[in-house]
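Numbering (the working numbering), first residue to last: 1138 to 1826. By construction, the Cβ of each residue, glycine as well, lies at the ideal position given by its N, Cα and C atoms. Just so you know, these numbers come straight off a predicted model, no measurement behind them. Comments concern the structure below.
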């Protein structure tokens, strides 16, 4: 009975709940009717307004005063469809420019100076080439994304020498022509002027590819012969440290007390007699299958990996106490000696790790330096498990870091290559800077991801079949440096792709060139940017003063160049042109004043795809700009504004403040002049044209 009573009670409760829900539902229905038609009656002539509009219907503003639904004729709808299709076609042909993470965003001026990482002038060169040639370009910009660049109508560049980033930041409010509204992209650039480089050379000279090198060698016999007999190949020297541009082979005659095995020419030849002449750059040591210069870190890699290079204000401050390994360097080549370096560190009273041991080995794996170093601050943690350093070992040590620096400066060859696993940490520990570095953590990659690096212990076991860093007594810096050098020597005996999954994944090992080209060092050879830029019937023009035009001439093939001079009345006359050759693809206009350069560049943009205006401020003008004088600031504003006004639709405008000699970096300003598509607003009866 009790159980039956409980069931009945449950049924009764369910009935009550259902009745309550029905009652609530009826109430909600009445409320909805009241809300939806608060003033709508049968006598009213007005209809309730629709809550949703059809996509093809008019906007709220298009509804007539009597709130009646607008009517469109079939002809109007057809015209609207045509207009929408036309606009979509135009959108598909509109280029789009954006920055890439992290390289592009890190270079923007709105980033704090301590966190800003500038791009290089070569990045600007690559951007110009990609803008001109699209997918046919030998380079893809690493710092920006330029979509639909095949629809660009022109590229207009204005170089201004004698003005840098410090000048812009000082006059930013007055330089209204360079505002974000006119140039959305403001990027700090490491200009050649910051390290004594040649701006025109670094803009005009494009490094040879392997295929180009192979074709040139087949045509001329060697690259050196091509340089002497061809207008398409140039010998260039690029470095971010002071470099003596003598013949690279001359470095082989330099003496060194480090006694590196690779420096003895007789060791590379069979027999005891010394050769009658020094090796030429296009040969290799017998143990190497490709040039060791191909393994060197590029400048932007050194910055990304944290190597000490004082190329912008923040880095100069960070590395202000660092010293260079040599006062001046010689150009690195296939026979430049390699030395592996490794340091061990202990924690000191300043809360940081400081160098307590330095080891250097040469290519014969001979130890040329192995010394304990007494840090300037008191050691608080010997980190013995990792460093192998103990208090007893450091008891009578008197060698200071300055002594090690002096030893390296006095004994290292000026074209020496330093090798190491994450070598940046060792150079920071030594407080030294060096231009030629090979990092085994970069050239060996077993993950296929550049940002996932393998430890030296694993690389040694995997590739050398040797176990290092075993036991709990800490690392041995001689053992670690020897392992790094062995890894580099192993790679040199194999191929550039050996041990690097990144290169293998991209299929580089499937498209090898001839054995001759594999052994040729192409790093010092280049071809002209204008040979690329004038492909597919495109034309270019250079407008500058006579001294600057003369420098551009070194990188112009006479067969494609013609020369004009601006008269006093603003007209131009041809002063040099070979009618029997393919001239006119590059027109050099010699102008007497900066204003005429800007005027000429603005007019030439209608006839050429690539237009380069090159201005050099006088010392007086440069000094006036440093003082933010109104007159020179007004001139700059006028020049840049004039350039902007002449820009074509879907064209690029680039302004580069090139910096000052041995001074601050430059700035690059970029604007893509693209059509703005407004929302189509219309009413029945309006014209859609």
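For residue i, the residue or residues it bridges with in DSSP
i, result
"residue 1467", "1381"
"residue 1476", "1555"
"residue 1803", "1326"
"residue 1340", "Its beta-bridge partners do not exist; DSSP assigns none."
"residue 1518", "1484"
"residue 1219", "DSSP, once it has assigned bridges, lists no residue as partnering residue 1219."
"residue 1282", "1235"
"residue 1245", "1324"
"residue 1601", "Answer by DSSP bridge pairing: none, since residue 1601 is not bridged."
"residue 1677", "1723 and 1747"
"residue 1709", "1703"
"residue 1808", "1790"
C-alpha gap between residue i and residue j, whole angstroms
i, j, result
"residue 1422", "residue 1498", "19 angstroms"
"residue 1764", "residue 1772", "14 angstroms"
"residue 1694", "residue 1630", "39 angstroms"
"residue 1724", "residue 1696", "12 angstroms"
"residue 1680", "residue 1336", "16 angstroms"
"residue 1494", "residue 1510", "5 angstroms"
"residue 1560", "residue 1576", "6 angstroms"
"residue 1289", "residue 1553", "45 angstroms"
"residue 1309", "residue 1758", "17 angstroms"
"residue 1486", "residue 1530", "19 angstroms"
"residue 1745", "residue 1781", "16 angstroms"
"residue 1273", "residue 1541", "50 angstroms"
"residue 1442", "residue 1432", "15 angstroms"
"residue 1216", "residue 1250", "54 angstroms"
"residue 1480", "residue 1261", "37 angstroms"
"residue 1828", "residue 1224", "In the structure as shown, the chain begins at 1138 and stops at 1826. Residue 1828 is therefore absent and cannot be evaluated."
"residue 1804", "residue 1661", "27 angstroms"
"residue 1637", "residue 1585", "7 angstroms"
"residue 1687", "residue 1699", "13 angstroms"
"residue 1756", "residue 1457", "28 angstroms"
"residue 1358", "residue 1692", "22 angstroms"
"residue 1729", "residue 1230", "39 angstroms"
"residue 1550", "residue 1806", "41 angstroms"
6 angstroms CB neighbourhood of residue i in its chain, flanking five on each side removed
i, result
"residue 1094", "As shown, the chain starts at 1138 and ends at 1826. That puts residue 1094 outside it, with no answer to give."
"residue 1591", "1583"
"residue 1570", "1445, 1459 and 1461"
"residue 1235", "1282"
"residue 1264", "1278"
"residue 1425", "1629"
"residue 1578", "1558, 1559 and 1590"
"residue 1556", "1475, 1477, 1575, 1621, 1622 and 1625"
"residue 1507", "1496 and 1615"
"residue 1726", "1680, 1701 and 1737"
"residue 1742", "1291, 1293, 1748 and 1783"
"residue 1311", "1770"
Burial state of residue i (16 or more Cβ within 10 Å)
i, result
"residue 1621", "buried"
"residue 1333", "exposed"
"residue 1500", "buried"
"residue 1305", "buried"
"residue 1277", "exposed"
"residue 1282", "exposed"
"residue 1470", "buried"
"residue 1589", "exposed"
"residue 1429", "buried"
"residue 1237", "exposed"
"residue 1313", "exposed"
"residue 1672", "exposed"
7 angstroms Cβ shell around residue i - same chain, five flanking residues per side excluded
i, result
"residue 1244", "1253, 1254, 1255, 1256, 1280, 1324 and 1325"
"residue 1522", "1609 and 1611"
"residue 1594", "1605 and 1606"
"residue 1319", "1781 and 1808"
"residue 1338", "1373"
"residue 1369", "1664, 1665, 1668 and 1694"
"residue 1259", "1339"
Residues near residue i by beta carbon distance below 8 angstroms, same chain, minus five either side
i, result
"residue 1482", "1490, 1491, 1492, 1493, 1520, 1524 and 1566"
"residue 1227", "1812 and 1814"
Chain D contact for residue i (CB, 7 angstroms cutoff)
i, result
"residue 1148", "Absent from the structure is chain D; it holds one protein chain and no more."
> Taking one C-beta from the stretch 1589-1606 and one from the stretch 1458-1467 each time, how about it: are there three or more such pairs within less than 8 angstroms?
Replying inline: Result no; under three Cβ-Cβ pairs closer than 8 angstroms.
>> Would the stretch 1506-1525 count as touching the stretch 1474-1493 if we require 3 or more Cβ pairs under 8 angstroms?
In response: Touching, per the Cβ criterion.
>> Counting beta carbon pairs with one atom in the stretch 1746-1764 and one in the stretch 1681-1690, are three or more of them shorter than 8 angstroms?
In response: Judged by Cβ distances under 8 angstroms, the stretch 1681-1690 makes contact with the stretch 1746-1764, as three or more pairs qualify.
> Contact between the stretch 1294-1304 and the stretch 1787-1796: three or more CB pairs below 8 angstroms?
Replying inline: They touch, by the three-pair rule.
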